[in-house]
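Quick note on my numbering: the sequence shown kicks off at 100 and runs consecutively.
Idealized CB from N, CA, C, for every residue including glycine.
Since the structure is predicted, the reported quantities are computational estimates derived from the model, not experimental observations.
The structure under discussion appears below in the form of structure tokens.
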Amino acid sequence: MSYEAILYDVADGIATVTLNRPDKLNAWTRGMQAEVHDAMHRAAADDAVRAIVLTGAGRGFCAGADMGLLSAVREGEARVSADPTTSPVPPMGSALADFRKTYSWFPTIPKPIVGAINGPCAGLGLVIALYCDMRFAAQGAMFTTAFAQRGLIAEHGISWLLPRLIGLPEAADLLYSARKVGADEALKLGLVQRVVPDAELIPATREYLRGIVDGVSPRSVAVMKRQIWEAMFQTLGEAIEVGNDEMQKSFASDDFKEGVAHYLEKRAPRFTGR
């Protein structure tokens, strides 16, 4: 697929997917949706990629659904899809049906995805950001659910995901009021994991991910990503059973042998993901 609404780049084991409609604050369109989906699966299939950054071009991350699309929905000329995806699940990605919806498929990608939030992140843009594994924010980033200001509701699973990330009362506050939240408050809430000066956002995100690319087993990360997303549907006992089973499988892996070998030999690891 050729890309018109995003940019895609791979360097040093990290794929960067950039929403690229800066004149519209990267407002989300159907074309962008298809291109992001394709790019993430492209990164999942590329053995040279071990981590993914999702960010926005210009001064914003994503201002939400494109107003042209919302206007068409208002006039009955279009609908916002909530249909399940039929794309094959990448190897080692979660295959839960809950992660097969239009926007909930990020956990099927078996590589860590960090949202680098470089400016306004609103509505559907916030939903997309929350499905990333982590979020790093520029100091000038701003977050808002926005839905209530448009006469809409908690869309695309944010009513399930947001309370699990920041707590039910805090989620209710952000959803009911649609108020704007700056980067520092987002950090206190747990909405983001790190805040850095604007100019340092991408370098800091890449520096963090280089530690994952160079220092840990991609197989381990893929399994752990599946574990933590699926554990939200499990009891403690079920999570323990899954962990016990995966531990036995890890003992038979090449990465386990390399994990022991590089430690004993006091050298940098050479993990293969197998």
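Report all residues from its chain with a CB closer than 8 Å to the CB of residue i; omit the five preceding and five following residues, and keep chain order.
i	result
ILE311	ARG149, ALA150, PRO211, VAL320
GLU357	SER316, PRO368, ARG369, PHE370, THR371
SER349	ARG318, SER319, VAL322, PHE355
HIS361	ALA367, PRO368, ARG369
ILE105	VAL116, THR117, LEU118, ASN119, MET131, GLU134, VAL135, ALA138
TRP259	none
GLY218	LEU124, GLY155, GLY157, ARG158, GLY159, PHE160, ALA237, GLY239, ALA240, MET241
Starting from the C-beta of residue i, find all residues in its chain whose C-beta is less than 7 Å away, skip the five residues before and the five after it, and write them out in chain order.
i	result
VAL188	ALA194, THR207
ARG318	SER352, ASP354, GLY372, ARG373
PHE205	ILE212, TYR230, CYS231
LEU127	Checking the displayed sequence, the identity of residue 127 turns out to be Trp instead of Leu. Counting only Cβ-Cβ distances below 7 Å, and skipping sequence neighbours, we find CYS161, GLY163, ALA164, ASP165, LEU223, GLY224.
Go to residue i, then tell me how far its beta strand (DSSP E) extends in each direction, as first and last residue.
i	result
THR154	150-155
ILE212	212-216
MET233	233-237
PHE370	Counting along the chain, PHE370 falls outside any beta strand (DSSP E), and DSSP gives it neither H nor E.
MET241	241-243
PRO219	219-221
List the whole-angstrom C-beta distance separating residue i from residue j, where the pair is believed to meet the contact cut-off of C-beta under 8 Å.
i	j	result
GLY222	LEU153	Rounded, the Cβ-Cβ distance is 16 Å, inconsistent with contact.
THR244	LEU264	The pair is not a contact, with the Cβ atoms about 13 Å apart (cut-off 8 Å).
VAL291	ARG234	4 Å
ALA196	ILE216	Actually they do not touch by this definition, with Cβ atoms about 29 Å apart.
HIS255	THR201	7 Å
GLY239	PHE160	Between PHE160 and GLY239 the Cβ distance is about 11 Å, and since that is not below 8 Å, they are no contact.
ALA247	ALA277	5 Å
ASP111	ARG309	7 Å
What is the residue span of the alpha helix (DSSP H) that residue i lies within?
i	result
MET100	Here MET100 belongs to no alpha helix (DSSP H), and DSSP marks it neither H nor E.
THR304	300-314
ALA270	267-276
GLU329	317-329
ALA282	282-288
TYR362	353-363
GLY342	335-350
Once the 5 residues before and after residue i are set aside, which same chain residues still bring their CB inside 6 Å of it?
i	result
LEU286	VAL294
ALA330	ALA338
LEU288	ILE265, GLU269
LEU261	ALA270
ALA142	ALA114, VAL148, ILE151
ILE454	This structure gives no information on residue 454, because the portion of the chain shown stretches from 100 to 373.
SER203	GLY256
For the ligand HEM, is there any heavy atom lying closer than 7 Å to the beta carbon of residue i?
i	result
GLU306	Absent from the structure shown: the ligand HEM. Ligands present: none.
Under the DSSP definition of a beta bridge, which residues are partnered with residue i?
i	result
ILE113	ALA110, ALA150
ARG58	The question about residue 58 has no answer here: the residues shown for the chain are numbered 100 through 373.
MET139	Answer by DSSP bridge pairing: none, since MET139 is not bridged.
LEU118	ILE105, GLY155
ALA164	TRP127
Any contact between the stretch 111-129 and the stretch 154-161? By contact I mean 3 or more CB pairs, one from each, below 8 Å.
Taking 8 Å as the limit for Cβ pairs, the verdict is that the stretch 154-161 does touch the stretch 111-129.
Would you be able to state if there are at least three C-beta pairs under 8 Å between the stretch 279-297 and the stretch 320-330?
The answer is no - the stretch 279-297 does not touch the stretch 320-330, with fewer than three Cβ pairs under 8 Å.
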